[in-house]
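Per the working numbering, residue 10 is the first one in the sequence shown, and the count goes up by one each step.
For glycine and all other residues, C-beta sits at the position ideal for the given N, C-alpha and C.
Computed from a predicted structure; not experimentally measured.
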Amino acid sequence: MAAITSDFPFAFSAAANPVHIVSKPAGGDARVKSGMVTIYFFYAAEAFYAAVDSYLVEAVWVKAMTLENSSDVAQQYSHKYTTHMNITQGAEVTESVPIGTFYDGLSLTLDGTTKAFSAAETNAELTTQTVTIDIPAKSKAVFYQRRYTFRSAMFFILDAGSKLWTAGTQGGKDVARKECTIEIMSTDFVVVPAELDDTAEGTVEVATVPRGKVESDNPTRARENLTTRARAELTKMGI
């Protein structure tokens with residue numbers, strides 16, 4: 010549990026003056042991380058990896074509550090909110106890929122402001138945050154929490170027989186792939202005196218990264234020619 014005191018209006022770990030509720034990357038989904046996640050590793054035998062590209066889809070300010078101080082003096086209010094990661098599509102990927110570890114520590118730069126995601130935000134378990142808000146006399150305060158949506162696209166690499174292979178589909182005509190959609194309810198919040206604009210989407214400039222691995226780095230091996238362990242992991246993910 011984290012306790013944070015805020016002066017009104019106040020933004021924490023986010024843009025100080027948000028205008029739109031929904032903001033999307035200028036130019037479409039933006040690749041913000043590319044790397045490898047280990048599915049299994051057996052020394053001197055074989056290993057299986059997911060090569061993951063993560064794209065920011067949108068960032069949304071979610072309205073949590075409205076407080077109104079109708080008195081003639083400033084008032085202090087306490088508000089609890091929760092952070093966590095939720096897979097809204099393709100959750101079966103977690104049968105083999107510990108995708109939360111891929112997002113833990115992710116550094117995201119929007120309009121020049123950098124945010125790093127913590128374990129409290131990338132864990133499926135709820136973590137409670139507490140904020141104390143000071144509201145001036147005769148004022149209203151609207152509390153928003155920021156939700157980030159990501160799309161993770163991945164293919165798979167087998168290390169066996171002292172060679173690297175890109176895992177293919179049955180018959181080897183294509184590469185075996187998987188996607189999932191992830192939402193992170195972050196620690197970012199903002200307290201503003203009026204509701205944000207929900208009539209139009211905003212855009213943000215996002216710092217992007219190149220792909221760390223591409224499918225053509227290694228020859229493609231048909232699914233039926235993969236090792237028994239590798240095929241089993243693909244099956245668990247519905248591939």
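CA-to-CA distance, residue j to residue i, given in whole angstroms
| i | j | result |
| --- | --- | --- |
| A203 | S148 | 10 Å |
| Q85 | D143 | 4 Å |
| E27 | Y157 | Residue 27 is actually Pro in this sequence, not Glu. Roughly 15 Å between the two C-alpha positions. |
| E242 | V102 | 10 Å |
| M54 | Q98 | What sits at residue 54 in the sequence shown is Ala, not Met. A54 and Q98: Cα-Cα distance of roughly 33 Å. |
| F159 | Q138 | 22 Å |
| Q154 | G37 | 23 Å |
| G211 | K33 | 6 Å |
| P145 | G114 | 36 Å |
| A251 | T92 | Because the chain here runs from 10 to 248, residue 251 falls outside it and cannot be looked at. |
| A125 | N132 | 14 Å |
| L167 | W174 | 5 Å |
| L219 | D206 | According to the sequence shown, residue 219 is Pro rather than Leu. Computed Cα separation, rounded: 33 Å. |
| A209 | S87 | 31 Å |
| G51 | K172 | In the sequence under discussion, the amino acid at residue 51 is Phe, which differs from the Gly named in the question. The straight-line gap from Cα to Cα measures roughly 14 Å. |
| V106 | N234 | 21 Å |
| A35 | I191 | 20 Å |
| S127 | M94 | 11 Å |
| I96 | C189 | 7 Å |
| N78 | T141 | 14 Å |
| G247 | A100 | 10 Å |
Which listed residue (the options) has its alpha carbon closest to that of residue i
| i | options | result |
| --- | --- | --- |
| T217 | V28, P27 and S43 | S43 |
| T236 | V200, T118 and A176 | A176 |
| A239 | F165, V199, T208 and A68 | F165 |
| G109 | S80, T244 and S161 | S161 |
| E104 | I30, L115 and T47 | T47 |
| V201 | L76, Y64 and V41 | L76 |
| L117 | A133, V215 and I191 | V215 |
| E232 | V184, T196, T136 and I193 | It should be pointed out that residue 232 corresponds to Arg in this sequence rather than to Glu. When only C-alpha atoms are compared, the closest one is V184. |
| M74 | A150, V140 and I96 | A150 |
| K245 | I96, A83 and K187 | K187 |
| P228 | N95, T178, C189 and S195 | T178 |
| V41 | A56, I30 and E67 | E67 |
| V71 | I248, R230 and S195 | S195 |
| I193 | V140, T136 and A169 | T136 |
| F111 | M45, V82 and L65 | M45 |
| I30 | A39, F152 and Y49 | F152 |
| D197 | T123, E134, K182 and R230 | T123 |
Under the three-state DSSP convention, the category residue i falls into
| i | result |
| --- | --- |
| K187 | strand |
| T141 | strand |
| N234 | helix |
| A25 | With a pLDDT of 49 at A25, under the threshold of 50, the modelled position of this residue cannot be trusted, and the question is left open. |
| A250 | Because the chain is modelled from 10 through 248, residue 250 falls outside the range shown and cannot be assessed. |
| I13 | Note that I13 scores a pLDDT of 41, beneath 50, so its modelled location is shaky and nothing firm can be said. |
| L135 | coil |
| R240 | helix |
| K172 | strand |
| G247 | coil |
| A216 | coil |
| A150 | strand |
| A203 | coil |
| S225 | helix |
| G180 | helix |
How do the stretch 211-225 and the stretch 47-65 stand: do at least 3 beta-carbon pairs fall below 8 Å, yes or no?
By the Cβ criterion, the stretch 211-225 is in contact with the stretch 47-65, since at least three pairs of Cβ atoms, one from each stretch, lie closer than 8 Å.
Starting from the N-terminal side, write out each stretch of the beta strand (DSSP E) that is 3 residues or longer and does not extend beyond the stretch 34-119.
Runs of the beta strand (DSSP E) spanning 3 or more residues and lying entirely within the stretch 34-119 occur at 39-51, 55-78, 84-98 and 116-119, in chain order.
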